[in-house]
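Residue numbering for the sequence shown follows this note's numbering, beginning at 20 and increasing consecutively.
Note sheet for the following structure.
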Amino acid sequence: MKVLIIFRIYFFIFSFCLYSSVFSQNKDYINNNLTQDWIFGDGPEPKWVIELLHGAYQNVKEDNSYILKVPVTGSGIKYSASVDGNADIKQDGDYLIISPFENFNGTILVNLSLDMSFILNVQSVNDKPILSSIPDQEINEDEVFNIKLMAKDAEVDDLTYGATTDDNARIKIIDNNLTVIPLPNFYGPINISLAVSDGKTTDESSFILNVKPINDAPVIESIFSKTEIKRNQVDLMIDGLDIDGDNLIYSVAGDGGADFDIKSNKVTVIPRDNYKGSTPITITTSDGKSSIDTSFTLINPIPGLSAFAPQSMLEDEVLSIILNMKDVESDSFRYNIKKIDNANIEINDNQLSIFPDKDYYGNLTLDLNISDNKDSTDFSFNINVIPQPDTPIANAGKDIMISNGCNSKIFLDGSGSFDPDSDISSYKWTLLESNKVILNSVKGYYNFEKHDKDIKQKIIFTVTDNEGLFGHDTLDVNIINDKAPIANAGENFIAPFNKYVNLDGSKSIDGDSDLKYFWSIISNNASFIKGEETRQSPKFKYPSEISNPMDFLITLKVQDHESFCFSMDTVMVTCLPNVDMADSTVKYEIIKADKKDKKVYVDLNITNKQLWPFDFAAFTLVSVKDERNKLGQIDPYKGKNTVKYGIENEEKVRVELVYEFDQSPRKINIICKSTMALNADSVLFVQTF
Numbered sequence: 020m021k022v023l024i025i026f027r028i029y030f031f032i033f034s035f036c037l038y039s040s041v042f043s044q045n046k047d048y049i050n051n052n053l054t055q056d057w058i059f060g061d062g063p064e065p066k067w068v069i070e071l072l073h074g075a076y077q078n079v080k081e082d083n084s085y086i087l088k089v090p091v092t093g094s095g096i097k098y099s100a101s102v103d104g105n106a107d108i109k110q111d112g113d114y115l116i117i118s119p120f121e122n123f124n125g126t127i128l129v130n131l132s133l134d135m136s137f138i139l140n141v142q143s144v145n146d147k148p149i150l151s152s153i154p155d156q157e158i159n160e161d162e163v164f165n166i167k168l169m170a171k172d173a174e175v176d177d178l179t180y181g182a183t184t185d186d187n188a189r190i191k192i193i194d195n196n197l198t199v200i201p202l203p204n205f206y207g208p209i210n211i212s213l214a215v216s217d218g219k220t221t222d223e224s225s226f227i228l229n230v231k232p233i234n235d236a237p238v239i240e241s242i243f244s245k246t247e248i249k250r251n252q253v254d255l256m257i258d259g260l261d262i263d264g265d266n267l268i269y270s271v272a273g274d275g276g277a278d279f280d281i282k283s284n285k286v287t288v289i290p291r292d293n294y295k296g297s298t299p300i301t302i303t304t305s306d307g308k309s310s311i312d313t314s315f316t317l318i319n320p321i322p323g324l325s326a327f328a329p330q331s332m333l334e335d336e337v338l339s340i341i342l343n344m345k346d347v348e349s350d351s352f353r354y355n356i357k358k359i360d361n362a363n364i365e366i367n368d369n370q371l372s373i374f375p376d377k378d379y380y381g382n383l384t385l386d387l388n389i390s391d392n393k394d395s396t397d398f399s400f401n402i403n404v405i406p407q408p409d410t411p412i413a414n415a416g417k418d419i420m421i422s423n424g425c426n427s428k429i430f431l432d433g434s435g436s437f438d439p440d441s442d443i444s445s446y447k448w449t450l451l452e453s454n455k456v457i458l459n460s461v462k463g464y465y466n467f468e469k470h471d472k473d474i475k476q477k478i479i480f481t482v483t484d485n486e487g488l489f490g491h492d493t494l495d496v497n498i499i500n501d502k503a504p505i506a507n508a509g510e511n512f513i514a515p516f517n518k519y520v521n522l523d524g525s526k527s528i529d530g531d532s533d534l535k536y537f538w539s540i541i542s543n544n545a546s547f548i549k550g551e552e553t554r555q556s557p558k559f560k561y562p563s564e565i566s567n568p569m570d571f572l573i574t575l576k577v578q579d580h581e582s583f584c585f586s587m588d589t590v591m592v593t594c595l596p597n598v599d600m601a602d603s604t605v606k607y608e609i610i611k612a613d614k615k616d617k618k619v620y621v622d623l624n625i626t627n628k629q630l631w632p633f634d635f636a637a638f639t640l641v642s643v644k645d646e647r648n649k650l651g652q653i654d655p656y657k658g659k660n661t662v663k664y665g666i667e668n669e670e671k672v673r674v675e676l677v678y679e680f681d682q683s684p685r686k687i688n689i690i691c692k693s694t695m696a697l698n699a700d701s702v703l704f705v706q707t708f
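Here you go:
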């Protein structure tokens, strides 16, 4: 260890007196009228310095100065000086000059204070690490002992720990964690020696681990069966072991199909009348302090034959049983399956394999037949299929393709996940690349950050059940660098009189994909003809016989070719009244008003509302004026039903009229009236082109 200590030494203030005698002296330094001494020299301190430190007097003649050399330059020493009066004092480099007042003689007290510092460098030496002592410890037989070793090191060096023990245990050390594993069934003291090293020096310690004995349960090492063809019973010879050397006691229980006789370690099984070729048996082995049960099924379909089968198996596993039986003639037996539910059975020679149905648990009854080609008999036995936790099955759904341009938000749905035990306890969605958890529920939304390039992401979906078992599924998300389209349903407009109202979505744009169009009318009673709603410029029927204006709010949704991005726009369409009565005798419904160059085409439905018939040309007057109030010239040879005769009461007739102007009109007024009542109200329809 290396320590740097800075000492600052403050010398005590020491004083000395100057005595100025009555003898007169010259002040001139050059005339050697000065008295000079050294505080420090190369050798021992001068005698006067020693005396000065003890408060001795110093003499100087009247009217002379006393000079004291203080060699402090370059030494790190600082000093200060003062007098009690009757003199002047000043410092000049390494010299302290004391000048008594003129004609003064007597004593002057001079105070001198020195301040000196220096560095003391303490060189390091390696310190031995100190291992913390461990008191004796105690555990039970067949337990494992763990402890964390602790040590201190002044230099904080990396420390290495070691340990040894006798032959009654094994030692493991990982870092400073000590594990002691006593031998099976051992009890008694175990001496543990410890050491710690910093690479240069070592410290050692030890403790005793006392292993307390506990009673060991007995075990059955084997059961041997013996049966004779002349005796309808089976002798079971039990070979039991108790590590503590205790005497063993056996007891037997069954299902009532057989009686048991126990003598020492021999159990005799005597079938009853209702015996079906097998019986479940539980043998309890006790040492007087603890006991264990050994359960199995004894298969003994006919005298002289015996085999063993376990009473249980685990769900979703396969159980194989060796039916190693021969009769007194050493004939081999064949086995046939009679009936079994909830499982499949395979028999190969004398090996019986049981395959329970997936996820099935509960009791299985196996009905079999045994034959030696001469005689045969039926027998059955049961096996309990014990349920065990099933791993849940995660289902993250179908892979997803989305766009940076608009819908970078995805919907995660793990509701298709399944657990045979119906005990899923948690859900987790994790980005594989960053290991970031983005959702902790079965379903929800997540927004990806936007990028200017195509990227692929993998999301790991994990479901966990109450037993801690878990299942995974992977969801691939392909994010394309696609910009959103811009929908344009056009400006709001008044629909011209026509059979159909025409819409126009041709101004919708998408810079990187073709568009799909989806129109819908969301107000008033109107609808598109089938197939029109997906056209770029669809149409719907102009409402018939409306006497008041009708507004239709229509939405346009456009999606790019892959339907990743979409945009919406709306347009308001106004349909003007297209029906009215003239003089309560004729109902006019305008169907269409159109133009081509200078010609205007007007289609009307004319309905006779009077009780007697009339002729269209004689009874009605339909005139058309343009924005200049100029009348259009009707062409009697063009059109349809322009001279329709005998229009009956409530009869509706479609007429088509053609008018010609001297220039192409921009707006027309269609005036309809009755010729029989010229002063009656007219019907007016206005059309702007």
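Where a beta carbon is used, it is the ideal one built from N, C-alpha and C, also for glycine.
Per DSSP, reduced to three states, the secondary structure at F638 is helical. Of all alpha-carbon atoms in L115, Q555, S151 and V677, the one lying nearest the alpha-carbon of Y656 is that of V677.
Sequence-distant Cβ neighbours of L178 in its own chain, meaning closer than 8 Å and more than five residues away, are P148, A170, D172, N195, V215, S216 and D217. Comparing alpha carbon positions, the residue from D391, N485 and D501 closest to M420 is D501.
Short of 6 Å from the beta carbon of I405, and not among the five residues preceding or following it, lie these beta carbons of its own chain, in chain order: S331 and L333. Nearest Cα to K606 within the set I340, F226 and T626: T626. The beta carbon of S325 is closer than 6 Å to those of S244, T246, V253 and N319 in its chain, skipping five residues each way along the sequence. Assignment of alpha helix (DSSP H) within the region 601 to 687, counting only whole runs of 4 or more residues, yields 635 to 638 in chain order. For the set P568, L494, I513 and F585, the Cα lying nearest the Cα of D533 is the one of F585. The Cβ atoms of K249 and F398 lie no closer than 8 Å to each other. Sequence-distant Cβ neighbours of E121 in its own chain, meaning closer than 8 Å and more than five residues away, are D82. In this structure, DSSP gives T298 an extended state, which the three-state scheme calls strand. Contact between A637 and T661 does not hold, since their C-beta atoms are separated by about 12 Å, which reaches or exceeds 8 Å. The C-beta distance from K617 to Q682 rounds to 6 Å, short enough to fall under 8 Å. Taking 8 Å as the cut-off, the beta carbon of K611 is found no closer than this to the beta carbon of K560.
If you draw a straight line from the Cα of I233 to the Cα of N159, it is about 7 Å long. By the criterion of a C-beta distance shorter than 6 Å, G490 is surrounded in its chain by T410, P411, I412, A413 and V482, once the five residues flanking it on both sides are discounted.
For the options D391, V621, K615 and D263, the alpha carbon positioned closest to that of R353 is the one of D391. When secondary structure is reduced to three states using DSSP, T220 falls in the coil class, being assigned neither helix nor strand. If you draw a straight line from the Cα of D622 to the Cα of I687, it is about 14 Å long.
Within the same chain, S556 and K558 come within 7 Å of N521 by CB-CB distance, once the 5 residues on both sides are set aside.
Beta bridge pairing from DSSP links Q555 with no other residue. In the same chain as E468, and ignoring 5 residues on each side of it, the C-beta atoms closer than 8 Å to its own belong to S427, in chain order. Secondary structure note for P203: it is in no beta strand (DSSP E), with a DSSP letter that is neither H nor E.
Note on geometry: alpha-carbon atoms of D418 and Y380 lie some 35 Å from one another. About 7 Å separates the beta carbon of I478 from that of T449, a gap short enough to meet the 8 Å contact definition. If the five residues before and after G463 are omitted, its C-beta is found closer than 7 Å to the C-beta atoms of L431, all from its own chain and listed in chain order. Counting along the chain, the unbroken beta strand (DSSP E) around L87 starts and ends at Y85 to K88. The straight-line gap separating the alpha-carbon atoms of I108 and N124 is approximately 16 Å. Secondary structure in the region 430 to 489: the beta strand (DSSP E) runs of 3 residues or longer, each lying completely within the stretch, are 443 to 450, 455 to 458, 462 to 466 and 474 to 484 in chain order. About 42 Å separates the beta carbon of T589 from that of T604, a gap too long to meet the 8 Å contact definition. Annotation for I311: A236 and T304 place their beta carbon closer than 6 Å to its own, counting only its chain and skipping 5 residues before and after. In the three-state scheme derived from DSSP, where H, G and I count as helix and E and B as strand, P406 is classed as coil. Closest in C-alpha terms to F516, from the list I565, D531, F164 and T316, comes I565. M591 sits in a strand when the DSSP states are folded into three classes.
Residue burial annotation: Y664 is exposed, with fewer than 16 other C-beta atoms found within 10 angstroms of its C-beta.
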